[in-house]
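In my numbering, the protein residues as written are 89 to 240. Note that beta-carbon positions come from the ideal geometry of N, C-alpha and C, so glycine has one too. Worksheet: the structure to be examined is printed underneath.
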Amino acid sequence: DERNPLSVFRVPIKLKIKNISDALCKGIESDHDKIISFMNYINKFEYRSPSKTDLNTLVNDKIGICGDYSNLLVALCACQNIKARIITINYITKQNGHVVIEAFVDGKWRLYDPTYGGYYRLVSDKNKLPLSLKEIIKIYKNDQEELIEFIY
């Protein structure tokens with residue numbers, strides 16, 4: 089059902105996740121600040137492979153890795169009607185890669201990394217809002233990485 093913002097998940101989001109999302113957003117107006125609140129919550133979890141990869145186990149055990157954190161962040165966003173999607177970044181080196189999200193905030197997609205609790209922004213942006221993955225790639229391709237910084 090397209091009217092249900094939680095319908096993107098293969099497994100229904102339990103009421104516990106919705107309650108966590110609501111509690112973390114209490115008194116917060118902007119979607120960006122809600123996402124920061126979610127990442128601050130997730131950033132207190134222990135980083136290691138969980139026994140199970142479902143959201144309820146993740147919030148109960150507070151143990152996970154980047155993919156778990158990103159899935160939880162997308163679920164928390166969905167509970168607040170914030171559009172979000174998973175982004176997998178693959179490395180050419182021996183590492184497997186990394187999982188982050190993009191959320192649709194203030195009229196554009198913006199990249200957030202729940203594992204590190206932060207995002208990339210233009211140094212000159214007084215609003216300190218995140219860049220999209222496309223913007224970050226463009227800046228690096230043009231060899232202008234000094235224009236951006238990671239905020240956490």
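Assigned with DSSP and collapsed to three states, Val162 falls in helix. Taking C-alpha positions only, Glu117 is separated from Phe192 by approximately 15 Å. Residue burial is scored here from C-beta neighbours: Ser212 has fewer than 16 other C-beta atoms within 10 angstroms and is therefore classed as exposed. Secondary structure at Val193: strand, using DSSP grouped into helix, strand and coil. When DSSP assignments are scanned along the region 122-152, the uninterrupted stretches of alpha helix (DSSP H) that are 4 or more residues long and fall wholly within it turn out to be 143-149. Between Ile123 and Ala163, the C-beta spacing is not below 7 Å. Tyr240 sits in coil when the DSSP states are folded into three classes, being neither helix nor strand. Of Tyr208, Lys102 and Asn184, the smallest CA-CA separation from Ile224 is found for Tyr208.
Look at Asp119 here: in three-state DSSP terms it is helix.
Where Leu112 is concerned, there is no enclosing beta strand (DSSP E), although the alpha helix (DSSP H) around it starts and stops at Leu103 to Cys113.
With fewer than 16 other Cβ atoms from the protein chains shown falling within 10 Å of its own Cβ, Ile177 counts as exposed. Of the residues His186, Ile170 and Met127, the one whose Cα lies closest to the Cα of Trp197 is Ile170. Here the C-alpha atom of Pro138 lies approximately 11 Å from the C-alpha atom of Tyr157. About 6 Å separates the beta carbons of Leu161 and Phe126, which is inside the 8 Å limit, making them a contact pair. The Cβ atoms of Leu217 and Leu199 do not sit closer than 7 Å to each other. The beta carbons of Gly155 and Leu146 sit no closer together than 7 Å.
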